[in-house]
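>
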Amino acid sequence: MSLLDDFMIRAVLAGLGLALAAAPLGCFVVWRRMAYFGDATAHAAILGVALALGFSVSIFSGALVVALIMALTVSTLSGRGFAMDTILGVLAHSALAFGLVGASFLSGVRIDLMAYLFGDILAVMPSDLVVIWGGAALVVGLITWRWSALLTATLNPDLARAEGIDPDREQLVLTLALAITVAVAIKVVGALLITAMLIIPAAAARPFSRSPVSMAGLALVMAAVSVIGGVQASYQLDSPTGPTIVCVAATLFLLSLSTSRLGRHH
Amino acid sequence: MSLFEFSNVTLRIGDTTILTHVSMRMEPGEIVTIVGPNGSGKSTLLRLLIGSLAPTGGRISKAPKLRIGYVPQRLAIDPTLPMTAANLLGLRRKVSTAEISQALEEAGVGGLERRQVSDLSGGQLQRVMLARALLGAPELLVLDEATQGLDQPGTAAFYRQIEDVRRSRGCGVLMVSHDLHVVMSTSDRVICLNGHICCEGEPSHVASAPEYRALFGEGTRGALALYTHHHNHRHDCGASEAAE
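Line by line, the protein sequences give chains R and G.
Numbers 91 to 356, taken from the numbering used here, label the letters of the first sequence in order.
Numbers 229 to 472, taken from the numbering used here, label the letters of the second sequence in order.
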């Protein structure tokens with residue numbers, strides 16, 4: 091019984107670590123309309139996982155490096171002839187495909203890439219928890235440190251410039267935070283569901299928020315409830331845990347939407 | 229000491245030359261308006277000044293530690309971003325609520341602290357942005373077509389506010405407009421721009437200059453007609469859109 095409690099608790103702790111990073115970062119992803127950007131970074135991380143397995147380095151560093159390269163490439167390529175969504179579409183799916191093909195060539199290693207597409211939060215080890223919480227602390231630290239500058243650059247790049255803020259540098263800070271979050275989260279919810287954990291809690295928090303800080307705080311609450319509720323529900327229903335967490339988040343979003351709609355009619 | 233000086237500034241982006249050999253300077257406390265048709269490089273000139281763009285030729289020098297208060301053309305705030313007017317003013321640095329109220333008051337929108345930015349009318353938003361610029365105690369206010377989307381009475385009221393601010397604070401004001409006649413009474417000096425400086429001087433001088441007339445042609449008459457029109461036809465510009 092204590093063993094069961096143990097992996098359940100580790101799963102919840104891993105999910106809460108992810109929620110801590112994803113909630114405030116997700117708000118910026120929503121405000122800056124970078125949802126697809128998050129998607130592309132997450133897909134690229136699969137290539138990072140394959141490379142990490144091939145070169146026998148840690149999954150975390152492989153995913154981090156490729157996610158970072160991907161994010162920087164996208165930042166550099168944007169505004170050079172192709173529309174942003176086209177660039178992202180090309181890069182994201184190419185990276186994912188190369189990652190899957192690359193992994194198939196790895197002989198002798200039996201790897202379950204599915205685990206990195208959908209995550210395996212129940213297999214989280216205590217050492218993973220250190221990585222997840224370390225990464226989350228880094229992301230929260232970055233965003234707290236740059237909070238005003240990030241918001242000003244989000245409002246209007248020229249306004250930021252006039253006030254001595256370099257909007258390109260702030261974009262880089264977000265890019266870095268995104269890469270760290272993806273690398274941390276790939277084991278927990280997997281590449282395909284990372285964007286969901288970024289976007290859905292933030293979107294669910296929006297109708298009840300009056301300021302940027304309150305939206306980030308409420309998104310954190312929504313994400314934490316999704317994690318705890320999702321782990322519980324998946325245990326009861328014997329359903330895959332990562333997707334169940336996202337299902338709970340989606341339900342919260344629907345509730346939030348309908349509650350705020352009702353409120354508006356009064 | 230001048231607030232800033234452009235010496236022979238040229239800007240090319242790709243194969244397109246946007247500004248050629250622009251030389252100008254501004255003295256403290258001056259109100260200078262740049263007029264010119266669409267695509268004449270007016271906003272680009274402001275972006276060079278605030279450092280968003282770097283000139284490909286020439287030199288831009290600014291007074292040491294020049295404090296610039298910038299009011300963008302139109303702040304397009306994403307509907308997913310919740311933000312009160314007080315949030316917007318408090319972003320720049322730590323300011324007290326008293327300072328925020330005072331700045332809003334000075335910009336003519338006192339008491340809007342708790343209103344959502346997305347619920348403000350165009351005129352209110354521009355004044356809130358003006359209040360935000362004032363919080364930084366600017367030596368130079370830079371306004372990029374700040375009255376775009378406002379009707380004539382709203383525009384006139386906004387420019388009166390700018391004059392009041394200049395009078396009380398003594399800061400220089402650099403603004404961009406495509407309609408000389410609206411800003412004529414406010415400006416000390418007008419620069420007519422169309423990729424290069426066509427002519428400059430006092431508003432009445434520029435209005436009668438052949439270069440200006442060549443650039444704006446019949447448009448001048450249209451603007452004058454519109455200007456007269458507003459005296460016998462008042463629109464309600466301050467109406468709140470926050471009816472929920």
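Glycine included, each C-beta is placed from N, C-alpha and C at the ideal position.
Here's a check: name, in chain order, each residue in its chain whose Cβ is nearer than 7 Å to the Cβ of G/R449, leaving out the five neighbours to either side.
Since pLDDT at G/R449 reaches only 45, below the 50 mark, its modelled position is unreliable, and the value read off the structure follows with that caveat. Answer for G/R449: no residue qualifies.
> Using a Cβ cut-off of 7 Å, pull out every chain R residue sitting near G/I278, in sequence order please.
Per Cβ cutoff of 7 Å: D248, R251, A252.
> Could you give the first and the last residue of the continuous alpha helix (DSSP H) run that contains G/V345?
Per DSSP, G/V345 belongs to no alpha helix (DSSP H) and is neither H nor E.
> Kindly indicate which residue of G/G297, G/E255, G/F386, G/L273 has the alpha-carbon position closest to the one of G/L484.
The structure shown does not extend to residue 484 of chain G, since chain G is modelled only from 229 through 472, so no value can be given for it.
> Going along chain G, which residues have a C-beta under 7 Å from R/S359?
The requested residue 359 of chain R is not part of the displayed model; chain R covers only 91 to 356.
> Does the beta-carbon of R/M160 have 16 or more other beta-carbons within 10 angstroms, so that it is buried, or is it exposed?
With 16 or more other Cβ atoms within 10 Å, it is buried.
> Buried or exposed for R/R259, please, with buried defined as at least 16 other CB atoms from any protein chain shown within 10 angstroms of its CB.
So R/R259 counts as exposed.
> Determine the closest residue to R/A193 out of R/I149, R/D210, R/G231, R/L262, with distance taken between C-alpha atoms.
Nearest C-alpha to R/A193: R/I149.
> So if DSSP puts G/R240 in a beta bridge, which residue, or which two residues, is it bridged to?
G/T245.
> For the beta strand (DSSP E) holding G/G269, just list the boundary residues, first then last.
Careful: G/G269 lies outside any beta strand (DSSP E) and carries neither H nor E.
> Are the C-beta of R/T285 and some C-beta of chain G separated by less than 7 Å?
Not an interface residue.
> I think R/F208 touches R/G320, with their Cβ atoms under 8 Å apart; what is that distance to the nearest whole Å?
With 8 Å as the limit, R/F208 and R/G320 do not qualify as a contact, their Cβ atoms being about 13 Å apart.
> Taking the DSSP output, what are the residues bridged to G/I425?
Answer by DSSP bridge pairing, in chain order: G/L421.
> Leaving out five residues on either side along the sequence, give the residues of the same chain with a beta carbon under 6 Å from the beta carbon of G/T383.
Cβ neighbours of G/T383 beyond the five flanking positions: T375, V410.
> Please decide whether G/Y298 counts as near chain R, where near means a Cβ-Cβ distance under 7 Å.
It does; some Cβ of chain R falls within 7 Å.
> Just checking my contact of G/F386 with G/Q354 at CB under 8 Å: how many whole Å lie between their CB atoms?
Yes, G/F386 and G/Q354 are in contact; Cβ-Cβ is about 6 Å, under 8 Å.
> Closer than 8 Å between beta carbons: that is the criterion. Which residues of the segment 304-331 of chain R meet it against chain G?
Listed by position along the chain: S304, M305.
> Could you tell me if G/A234 is buried or exposed, where buried requires 16 or more neighbouring beta carbons within 10 angstroms of its beta carbon?
Looking at the sequence itself, residue 234 of chain G is Phe, so the reference to Ala does not match. The residue is buried, with at least 16 neighbouring Cβ atoms inside 10 Å.
> Among G/R397, G/S396, G/N315, G/S324, which has the Cα closest to the Cα of G/M357?
The option with the nearest alpha carbon to G/M357 is G/N315.
> Rounded to the nearest angstrom, what separates G/G350 and R/F145 at their Cα positions?
Going from the Cα of G/G350 to the Cα of R/F145 covers about 57 Å.
> How long is the line joining the alpha carbons of R/A181 and R/S324, rounded to whole angstroms?
Strictly speaking, residue 181 of chain R in this sequence is Leu, with Ala absent from that position. R/L181 and R/S324: Cα-Cα distance of roughly 33 Å.
> Between R/L249, R/M312, R/L268, which has its C-alpha nearest G/A304's C-alpha?
Cα-wise, what sits closest to G/A304 is R/L249.
> State the beta-bridge partners of G/E233 as determined by DSSP.
DSSP output for G/E233 lists G/R253, G/S289 as bridge partner(s).
> Between R/W235 and chain G, is there a C-beta pair that is closer than 7 Å?
No, R/W235 does not count as interfacial toward chain G.
> List the DSSP bridge partners of G/M403.
DSSP lists G/T261, G/L371 as partners of G/M403.
> Using the three-state DSSP reduction, which class does G/T209 fall into: helix, strand or coil?
Any property of residue 209 of chain G remains undetermined from this structure, which presents chain G solely from 229 to 472.
> How would you list, in chain order, the residues of chain R whose beta-carbon sits under 8 Å from the beta-carbon of G/Q389?
Within 8 Å Cβ-Cβ: nothing; G/Q389 doesn't reach chain R, min ~19 Å.
> Note down the Cα distance separating G/P438 from G/K290, rounded to an integer number of angstroms.
Taking the straight line joining both Cα atoms gives about 32 Å.
> Taking 7 Å as the threshold (beta carbon to beta carbon), is G/L319 in contact with chain R?
Cβ-Cβ to chain R under 7 Å: yes for G/L319.
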